[in-house]
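Novice: This is the structure I have questions about; it appears just below.
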Amino acid sequence: MQNAMLEGSQIASDAQNTLLGIQVKTKSKPLRQEIENLYKIAESISKSKVARTRNTPTIFIINVNGLPAAEKELSKSEYKLALDELESAIQHLISVLRNTYNDRVIAELITESKSEIKKRQKRQEDSPKSPSERIMKLRKELNVYQVSIYTCFL
Numbered sequence: 008m009q010n011a012m013l014e015g016s017q018i019a020s021d022a023q024n025t026l027l028g029i030q031v032k033t034k035s036k037p038l039r040q041e042i043e044n045l046y047k048i049a050e051s052i053s054k055s056k057v058a059r060t061r062n063t064p065t066i067f068i069i070n071v072n073g074l075p076a077a078e079k080e081l082s083k084s085e086y087k088l089a090l091d092e093l094e095s096a097i098q099h100l101i102s103v104l105r106n107t108y109n110d111r112v113i114a115e116l117i118t119e120s121k122s123e124i125k126k127r128q129k130r131q132e133d134s135p136k137s138p139s140e141r142i143m144k145l146r147k148e149l150n151v152y153q154v155s156i157y158t159c160f161l
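Going by this note's numbering, the letters in the sequence shown line up with residues 8 to 161, in that order.
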């Protein structure tokens, strides 16, 4: 996230200008903005004409980076509530993706906490080096030859 801006595809641009009708209560500002952006992405996808007319599988890669800051800033109970709010936003996004794309979508949502960062550093040598390599691996495993890719950086 750069200044709470969404970056990436046309859907990300549309989402940046979407007014949010849901109030996010998380006290950590970076995480709150990212949760709001998840709802904005969902709203943008549900209104997108491109999404409804495409007959190809679609891949979304969404990065959520606010968890480590929230873990430092918030009490344990506030952090738990923030995680619940993030989970609700993710479930809402998944529901919108399924309805819009008729289950022809792969969504990758990446979140990080301190412990996960340490685990990732240990496993990094075995995994694909970039998002494009990860996508190519998914395409090969799922036997997908035509795909639309949308990347949103929160």
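Yeah, the Cβ is synthetic: ideal placement off N, Cα and C, and Gly gets one too. Because the structure is a prediction, the values reported are computed rather than measured.
So for I69, helix, strand or coil by DSSP?
Specialist: If DSSP states are grouped into helix, strand and coil, I69 belongs with the strands.
Novice: Report back the beta-carbon spacing between L27 and E41 to the nearest angstrom; my notes put them in contact at under 8 Å.
Specialist: About 12 Å separates the two Cβ atoms, so there is no contact after all.
Novice: Using C-beta distances below 6 Å, list every residue in its chain close to A22, excluding the 5 sequence neighbours before and after it, in chain order.
Specialist: The answer, listed in chain order, is L13, K47, I48 and S51.
Novice: What did DSSP end up calling V31 once you bin it into helix, strand or coil?
Specialist: In this structure, V31 counts as coil in the three-state DSSP scheme.
Novice: Quick one: using the 10 Å Cβ neighbour count with 16 as the cut-off for buried, is R39 buried or exposed?
Specialist: R39 comes out buried.
Novice: Give the range of the alpha helix (DSSP H) segment to which N44 is assigned.
Specialist: First-last of the alpha helix (DSSP H) with N44: K36 to K54.
Novice: Could you say which of L145, I18 and E92 lies nearest to E115 if we only look at CA atoms?
Specialist: Minimum Cα distance to E115 is reached at L145.
Novice: If we count the other Cβ atoms within 10 Å of its Cβ and call it buried at 16 or more, is A76 buried or exposed?
Specialist: So A76 ends up on the exposed side.
Novice: Taking the C-alpha atoms as reference points, what is the distance between Q30 and E92?
Specialist: Rounded to the nearest angstrom, the two C-alpha atoms are 11 Å apart.
Novice: Can you find the residues in the same chain that come closer than 7 Å, C-beta to C-beta, to S35, ignoring five residues on each side of it along the sequence?
Specialist: Excluding sequence neighbours, S35 sits near G73, A76, A77, E80, L81 and A89.
Novice: Start and end of the alpha helix (DSSP H) containing R105?
Specialist: Unbroken alpha helix (DSSP H) run through R105: K83 to Y108.
Novice: Contact check, V103 vs S53 under 8 Å by CB: the rounded distance?
Specialist: The Cβ separation is near 5 Å, so the contact holds.
Novice: Taking the C-alpha atoms as reference points, what is the distance between I142 and F67?
Specialist: Approximately 10 Å, taken between the alpha carbons.
Novice: Please report the distance separating the alpha-carbon of I69 from that of R111.
Specialist: Going by the C-alpha atoms only, they are around 17 Å apart.
Novice: Since M117 contacts V71 with CB under 8 Å, what's their CB separation in whole angstroms?
Specialist: The amino acid at residue 117 is misidentified as Met; the sequence shows Ile. The Cβ separation is near 7 Å, so the contact holds.
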